[in-house]
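J.:
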Amino acid sequence: MKDATDPEREQRFPVLLEKFAIRKGSGGTGRFRGGDGVIRRIRFLEPLSAGILSNHRKVPPFGMAGGEPGRVGRNWVERADGRCEELASTEEVSMEAGDVLVIETPGGGG
1 MKDATDPERE
11 QRFPVLLEKF
21 AIRKGSGGTG
31 RFRGGDGVIR
41 RIRFLEPLSA
51 GILSNHRKVP
61 PFGMAGGEPG
71 RVGRNWVERA
81 DGRCEELAST
91 EEVSMEAGDV
101 LVIETPGGGG
């Protein structure tokens, strides 16, 4: 679902947003500090397919005029059985009940 709010996702799909928080310190330093990214933890309540389309998972957002780059983002799945699986920036993954999708967005360049 593109451009949906988290409450809309919870209404339309069998998921629960466990965490939505600022990823403190992820923005690059510089004359003006880059904005921090966010962290989302989404628990799946039933089997479902999830698609990820993201950027800056390997190459950090660049800084301007000598500013430092922001931190790269990460995507991974915490399986109900305790295993963790790193995900690429663009991927489709099968989720089972109890699995958690974790998305850390990159910070902006300074």
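Note that full-length UniProt numbering has the sequence shown beginning at 1, numbered continuously upward. Think of the CB as a built atom: it goes at the ideal place given N, C-alpha and C, for glycine as much as any other residue. Keep in mind it's a predicted model, so treat the numbers as computed, not measured.
(1) Just mark Leu87 as buried or exposed, buried being the case when its beta carbon has 16 or more other beta carbons within 10 Å.
(2) Leaving out the 5 sequence neighbours to the left and right, which residues in its chain are closer than 8 Å to Arg23 when beta-carbon positions are compared?
(3) Can you look up Glu8 in the DSSP assignment and give me helix, strand or coil?
(4) Within 10 Å of its beta-carbon, does Phe20 have 16 or more other beta-carbons around it, so buried, or fewer, so exposed?
(5) So Leu17 and Ala50 are supposed to be a Cβ contact under 8 Å. How far apart are they, rounded?
(6) Sort out for me which residues DSSP pairs Thr90 with in a bridge.
(7) Which residues mark the beginning and the end of the beta strand (DSSP E) in which Lys19 is found?
T.: For this structure:
(1) The residue in question, Leu87, is buried, as its Cβ has 16 or more Cβ neighbours within 10 Å.
(2) For Arg23, same chain residues with a beta-carbon under 8 Å away, outside a window of 5 residues either side, are Asp36, Gly37, Val38, Ile39, Arg71, Glu104, Thr105 and Gly107 in chain order.
(3) Glu8 falls in the helix class under three-state DSSP.
(4) By the neighbour-count rule (16 or more Cβ atoms within 10 Å), Phe20 is not buried but exposed.
(5) Leu17 to Ala50, Cβ: 13 Å. No contact.
(6) Answer is Leu53.
(7) For Lys19, the uninterrupted beta strand (DSSP E) segment begins and ends at Val15 to Arg23.
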